[in-house]
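Remarks on the structure that follows.
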Amino acid sequence: MNIVILLYPNFTALDAIGPYEMLAHVPGNKVTFAAKEKGLVTADSGVLSIQATHALAEIEACDMLLIPGGGGEFAVRDDAPVINWVRKIHETTRFTTSVCTGAMLLAKAGILDGLSATTHWAAEKWLPEYGATYKAERWVEEGKIITAAGVSAGIDMALYIISKVQGVDVAKTVQLATEYDPQPPFDSGSVAKADPKAIAGLSKMFDTSRNIT
């Protein structure tokens, strides 16, 4: 597949790199990082940058579009050329996908109208503003549109897409190649299981900064 990952200032690195690492392991896949302009695009850490080898204007179509989340997506929601590009490219894709708050850019483009979608749990309240219904799942599939929850969920979504296109055996091989065998030291990776104090603290921080990472 020809896969395009959209970059913008202050994106969340793992939203993009997690799926990239899975998808790039599949023979025949071509992954391109693209941004409004070519060049280095810095993640929300302020430290890590990724090279956008293509400007959006150079890309007319792709098999899979992936949009990461991050604090910078608030500004991109109001960037008409980028939103119009997302809407145009969506018409050409086999899969249109997002990770975390990247779903808000799909929603702003009108792509999630009347559909269920997921995003970072602390951002769920914004989906209904764009006509979408939040679903608290690791990923949500609506036809060719697949949205993943916060940050690490993009890895799971990418493996699922690999299984749909190349088969379960290939997806399992990629999982083994990357030794993706999560065994976190704490069972606190979901709002359904996390300590109420952690949830309250993060909710307050997100409401203050509007920076979902």
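So in my numbering, spot 23 of the sequence shown is number 5, and the numbers just go up one at a time. All residues carry an ideal CB built from backbone N, CA and C; glycine is no exception.
- [ ] With DSSP collapsed to three states, give me the class of residue 56.
- [x] Against the sequence shown, residue 56 aligns to sequence position 74. It is helical.
Task: Terminal residues of the alpha helix (DSSP H) in which residue 5 lies - done: Within the sequence shown, residue 5 is the residue found at index 23, counting from 1. Start and end: -5 to 5.
Open item on the list: Rounding to the nearest angstrom, what Cα-Cα distance links residue 115 and residue 96 in this structure?
Closed with: Along the sequence shown, one-based indexing puts residue 115 at 133. Along the sequence shown, one-based indexing puts residue 96 at 114. Residue 115 and residue 96: Cα-Cα distance of roughly 7 Å.
Task: Residue environment, residue 168, which counts as buried when at least 16 other CB atoms sit within 10 Å - done: Within the sequence shown, numbered from 1, the residue matching residue 168 stands at position 186. Under this definition residue 168 is an exposed residue.
Open item on the list: When you compare the CB positions of residue 133 and residue -3, do they come within less than 8 Å of one another, or not?
Closed with: Indexing the sequence shown from 1 puts residue 133 at position 151. Indexing the sequence shown from 1 puts residue -3 at position 15. Result yes, Cβ atoms of residue 133 and residue -3 sit closer than 8 Å.
Task: Straight-line gap, residue 52 to residue 83 (C-alpha atoms, nearest Å) - done: Position 70 of the sequence shown, counting from 1, holds the residue named residue 52. Position 101 of the sequence shown, counting from 1, holds the residue named residue 83. Their backbone Cα atoms lie some 6 Å apart in a straight line.
- [ ] Counting only the same chain and skipping the five closest in sequence on each side, list residues whose C-beta sits under 8 Å from that of residue 110.
- [x] Walking along the sequence shown from the start, residue 110 turns up at place 128. Taken in chain order, the residues that qualify are 116.
TODO: From the DSSP output, in three-state form, read off residue 18 for me.
DONE: Numbered from 1 along the sequence shown, position 36 holds the residue referred to as residue 18. Residue 18 falls in the coil class under three-state DSSP.
TODO: Taking 8 Å as the cut-off, decide whether the C-beta atoms of residue 34 and residue 16 are in contact.
DONE: Taking the sequence shown and counting its residues from 1, one reaches residue 34 at position 52. Taking the sequence shown and counting its residues from 1, one reaches residue 16 at position 34. A contact, by the Cβ cut-off of 8 Å.
Open item on the list: Is it buried or exposed, residue 55, if we count other Cβ atoms within 10 angstroms and call 16 or more buried?
Closed with: Along the sequence shown, read from residue 1 onward, the residue named residue 55 stands at position 73. With 16 or more Cβ atoms within 10 Å of its Cβ, residue 55 is classed as buried.
TODO: Please go through the stretch 95 to 129 and give each complete beta strand (DSSP E) segment of 3 or more residues, from N-terminal end onward.
DONE: 121 to 124
- [ ] Kindly indicate which residue of 103, 49, 119, 3 has the alpha-carbon position closest to the one of residue 91.
- [x] Sequence index remark: in the sequence shown, residue 91 carries index 109 (1-based). Selected option, being the one with the closest Cα: 49.
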